[in-house]
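Let me begin by presenting the structure, written as structure tokens, before commenting on it.
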Amino acid sequence: MKRIVSLVLAICLLIPNAALAADLFLAQAANFTPVLKEIIPLFEKATGFQVDATYASTGKLYGQIVNNAPYDILLAADEKRPDKLYADGLAEKPFVYAKGQVVLWSANKDFCGDDWKATVQNAAVKRVSIANTETAPYGTSSMKAMQAVGVWDTVQPKLVFGQSISQAFQFASTGAADAGFCAYSSVFTEEGKKGCFTVVDEAPPVVQAACILKSAPHPEAAKKFVEFLNTPEVQALKLKYGYK
Amino acid sequence: MDWTPLILSAKLAFWTMLLIPVLASPMASLLAFGRFRGKSVLDAIITLPMVMPPTVLGFALLVVMGPRGVIGATWEDVTGDRLVFSFSAILIASLVFNLPFAVQPLRASLEKLDPRLLESAAVLGLSPLAAFFRIVLPNCLGGLAAASILVFAHSLGEFGVILMVGGSIPGQTQVASVAIFEAVEALRFNDAFLMSAALVPVCFAVLMIINKINARRT
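The listed protein sequences derive, respectively, from chains A and B.
Take the first sequence: its letter number 203 is residue 203 in full-length UniProt numbering, and every next letter is one higher.
Take the second sequence: its letter number 91 is residue 91 in full-length UniProt numbering, and every next letter is one higher.
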């Protein structure tokens, strides 16, 4: 019995070490997850580096970074926070790595047509999910689209707010919300393929910027990764997932 | 500064505290006095929300209470309203989440009850119902009070589960913990601080009350 306990304890002690052994630690805004999951193995193959990534909302990652989280690169969902990190001397100069697009997604194929405005105003659509309009750039962009076409006031009572664009999609994909303002990239996930979507042209593109952190534990690997983001392979992946 | 989330949290905590004895008492009695097969399984099921990550529990509840889930579909048939993202939804989630926190202290106080008291009552001709009101209830009042107050404080701080089934709708499901989280994310640290500052003394007072009750019992 004692031996089993010691063995289990030993294993538990070893596991975190394995996770810390990565050569590059990325902080990634949730919406880019499907693309990054494809980019990482390519990068690992090309360079031999081992990459770990954490996926959360840009706001949460920013909060962690200003409190000394040991990330190498922040891949944000906006320009605001990388700019702020740069201005505060916490990061290198930011660069744009992707431009995202908002879509209206629904698990119910009856709710998709050419006109997303009609869908959100449809009486049968009782709940519409959207990312937090204050902290999630996709939420802000979705809100601007609704304001631009003048449906913000009528749709607002139907809105349910996810903390990130991923949660907005989660609400829609479980059917808890009848439709949701999601990132184009979520359409390409396993769940996303089960539903249908309409591109929200009125939503301003979500300009996503990244920056290498000044406190990066692995600056060399970080530099390599940034270069890798400009390769044709990655460009093709971005296009595939609806980014420009 | 908008205080609605705090009021909403208080409302949620109050309703949870009020309704939880109705759910928890029968289960606690069953666990304390029942002799049946599968008792340890029932015990484990009731205790499960205590150890499961709130986000996992929340996601399960989101699916079950969504319009395609059993509870959500039935609710929509009966009331005509959508269950998820409503106050009822976060209240149900809160009850499920808090159940073990109420059942355990209640069960403990029931198990401490001297069986000879109930035997004497039966010998003296007291009906089981009368015995419940005149012997079981007064003896377990402390446990009941401790359970209710603990659940009240616990509901005030609820986060993960509510985040999943609530959808953060201001005035309906945006409770204090969610509002604080959002304020921090939006870098409105001052709002976050003020709301937290309002919550902490309430929770502290609640814990002091529980300590008082427990001290009187022993």
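Ideal Cβ placement from N, Cα and C applies to all residues, glycine included.
Bear in mind the structure is a predicted one, so any value in this text is a computation, not a measurement.
Which residues in the same chain have their Cβ closer than 7 Å to the Cβ of residue i, if we skip the five residues on either side of it in sequence?
i                : result
alanine 10/B     : none
lysine 212/B     : none
isoleucine 180/B : Ala192, Met195 and Ser196
leucine 117/B    : Ile135
valine 234/A     : Ile39 and Phe228
alanine 198/B    : Leu6
proline 70/A     : Phe25 and Pro217
threonine 55/B   : Gly160 and Met164
threonine 154/A  : Gln121
With 16 other CB atoms within 10 Å as the buried threshold, where does residue i fall?
i                : result
serine 164/A     : buried
alanine 18/A     : Only weak support exists for where alanine 18/A lies, its pLDDT of 49 falling under 50; the value from the coordinates is given anyway. Under this definition alanine 18/A is an exposed residue.
alanine 102/B    : buried
threonine 58/A   : buried
tryptophan 105/A : buried
glycine 69/B     : buried
serine 185/A     : buried
glutamine 167/A  : buried
proline 82/A     : buried
serine 148/B     : buried
arginine 3/A     : exposed
lysine 60/A      : buried
valine 125/A     : buried
proline 138/B    : exposed
threonine 16/B   : buried
glycine 38/B     : exposed
valine 8/A       : exposed
Taking the CB atoms as reference points, tell me whether residue i and residue j lie closer together than 9 Å.
i                   : j                   : result
serine 25/B         : leucine 126/B       : no
asparagine 31/A     : glutamate 182/B     : no
tyrosine 62/A       : glycine 100/A       : no
alanine 177/A       : serine 141/A        : no
phenylalanine 197/A : aspartate 72/A      : no
phenylalanine 159/B : valine 178/B        : yes
alanine 22/A        : glutamine 50/A      : yes
valine 102/A        : valine 199/A        : yes
phenylalanine 59/B  : phenylalanine 152/B : no
leucine 110/B       : serine 29/B         : yes
leucine 12/B        : leucine 91/B        : yes
lysine 244/A        : alanine 98/A        : yes
glycine 171/B       : leucine 57/B        : no
alanine 108/B       : alanine 122/B       : no
alanine 203/A       : phenylalanine 181/A : yes
Quick one: residues in its chain with C-beta nearer than 6 Å to the C-beta of residue i, no 5 flanking neighbours on either side, listed in chain order?
i                : result
residue 233/B    : Limits of chain B in this structure are 1 at one end and 218 at the other, which puts residue 233/B out of reach.
leucine 62/B     : Met164 and Val165
alanine 93/B     : Leu61, Val161 and Val165
arginine 127/A   : Lys158, Val160, Ala177 and Asp178
leucine 83/B     : Met65, Gly72, Trp75 and Ala89
tryptophan 116/A : Leu104, Thr198 and Val200
leucine 106/B    : Ala24, Ala28, Gly143 and Ala147
alanine 183/A    : Asn31, Gly100, Tyr138 and Ile165
For residue i, collect the residues of the same chain with a Cβ closer than 8 Å to its Cβ; drop the 5 residues on either side in sequence, then sort them by chain order.
i                   : result
phenylalanine 188/A : Pro34, Lys240, Tyr241 and Gly242
aspartate 77/B      : none
alanine 53/A        : Phe25, Leu26, Ala27, Gln28, Leu36 and Ile40
isoleucine 209/B    : Ile149
leucine 19/B        : Leu91 and Leu95
aspartate 114/A     : Thr198
Interface residues of chain A around residue i at Cβ under 7 Å?
i            : result
valine 184/B : Gly63
glycine 66/B : Thr174, Gly175 and Ala176
Can you name the residues of chain B whose CB is closer than 9 Å to the CB of residue i?
i                : result
glutamine 163/A  : Leu163, Ser168, Val178, Phe181, Glu182 and Glu185
asparagine 132/A : Ser168, Glu182, Glu185 and Ala186
valine 160/A     : Val84, Phe85, Gly166, Gly167, Ser168, Ile169 and Thr173
Interface residues of chain B around residue i at Cβ under 8 Å?
i               : result
lysine 144/A    : In chain order: nothing, as chain B lies at least about 17 Å away.
lysine 60/A     : Glu185
threonine 154/A : Within 8 Å Cβ-Cβ: nothing; threonine 154/A doesn't reach chain B, min ~16 Å.
So which residues of chain B does residue i contact, with C-beta pairs closer than 7 Å?
i               : result
serine 166/A    : None at all; the shortest Cβ gap to chain B is about 12 Å.
threonine 198/A : The premise fails here: threonine 198/A is roughly 21 Å from chain B at the closest Cβ pair, so nothing lies under 7 Å.
lysine 126/A    : Arg82
serine 57/A     : Glu185
threonine 135/A : Glu182, Glu185 and Ala186
Residue i touches chain A at which residues, Cβ-Cβ below 9 Å?
i            : result
leucine 62/B : Gln170, Phe171, Thr174 and Ala176
Given 8 Å, three or more beta-carbon pairs between the stretch 162 to 182 of chain A and the stretch 190 to 199 of chain A: yes
Inter-stretch contact (C-beta, 8 Å, three-pair minimum) for the stretch 139 to 152 of chain A and the stretch 229 to 240 of chain A: no
Sufficient close CB pairs (3 or more, under 8 Å) joining the stretch 85 to 96 of chain A to the stretch 206 to 220 of chain A: yes
Stretch pair the stretch 93 to 104 of chain B + the stretch 48 to 67 of chain B: three plus CB contacts closer than 8 Å: yes
Inter-stretch contact at 8 Å, needing at least 3 Cβ pairs: the stretch 76 to 88 of chain A / the stretch 195 to 210 of chain A: yes
The stretch 117 to 126 of chain B / the stretch 37 to 45 of chain B touching (three or more Cβ pairs under 8 Å): no
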